[in-house]
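Numbering follows the working numbering, with no gaps: position 48 of the sequence shown is 57. Here the structure is laid out as structure tokens; the discussion comes afterwards.
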Amino acid sequence: MGRPGIRIAPHDERKPDTDGRTEPNQDSMDRGLEQAVLELLAEEQHSVSGIADALDRHPVTVDRQCYDLQTDGYIAVATSGGTYRLTAKGRERLAADE
10 MGRPGIRIAP
20 HDERKPDTDG
30 RTEPNQDSMD
40 RGLEQAVLEL
50 LAEEQHSVSG
60 IADALDRHPV
70 TVDRQCYDLQ
80 TDGYIAVATS
90 GGTYRLTAKG
100 RERLAADE
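Here it is, written out as structure tokens:
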């Protein structure tokens with residue numbers, strides 16, 4: 010698997026950039042999107058496509074993030090229109106992050 014002499018980094022490892030800096034790992038990027046989704050839903054309900062447009066992210070990426078946030082209880086599907094809303098647990102999470 011892979012060519013000899015080439016080490017494949019694990020998913021969560023930070024990799025050096027060409028100038029010696031490190032690029033953010035996937036977990037820190039997900040946390041940024043997670044926070045942005047929660048903040049957006051604190052203002053009003055949005056659909057996945059509405060969140061994607063507002064945050065300039067791909068709808069599939071947003072859909073996956075919303076699934077995770079819903080599974081964790083931070084957001085829920087609103088009663089109408091296929092939109093998401095922030096839950097009480099999500100509001101607590103936002104308050105704790107401030």
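Beta carbons: idealized from backbone N, C-alpha and C, even for Gly. None of the values given here were measured: they were computed from a predicted structure.
*asked:* Below 6 Å, is the gap between the Cβ of C75 and the nearest heavy atom of the ligand GDP?
replied: As far as ligands go, the structure on display features none, and thus does not contain the ligand GDP.
_C-beta atoms of G99 and L42 nearer than 7 Å_ = Taking the sequence shown and counting its residues from 1, one reaches residue 99 at position 90. Taking the sequence shown and counting its residues from 1, one reaches residue 42 at position 33. Not in contact: G99 and L42 (Cβ atoms no closer than 7 Å).
*Determine, using beta carbons only, whether D72 and V57 come nearer to each other than 7 Å.*
Start at 1 with the first residue of the sequence shown, and residue 72 comes out as number 63. Start at 1 with the first residue of the sequence shown, and residue 57 comes out as number 48. Result yes, Cβ atoms of D72 and V57 sit closer than 7 Å.
*Going by alpha carbons, who is nearest to D39 out of D62, L95, T88 and Y76?*
In the sequence shown, residue 39 corresponds to position 30, counting from 1. Checking every option, the nearest Cα to that of D39 belongs to Y76.
*asked:* Pull the bridge partners of Y93 from the DSSP assignment, please.
replied: For the purposes of this step, residue 93 is taken as the residue at position 84 of the sequence shown. H55 and V86, per the DSSP bridge assignment.
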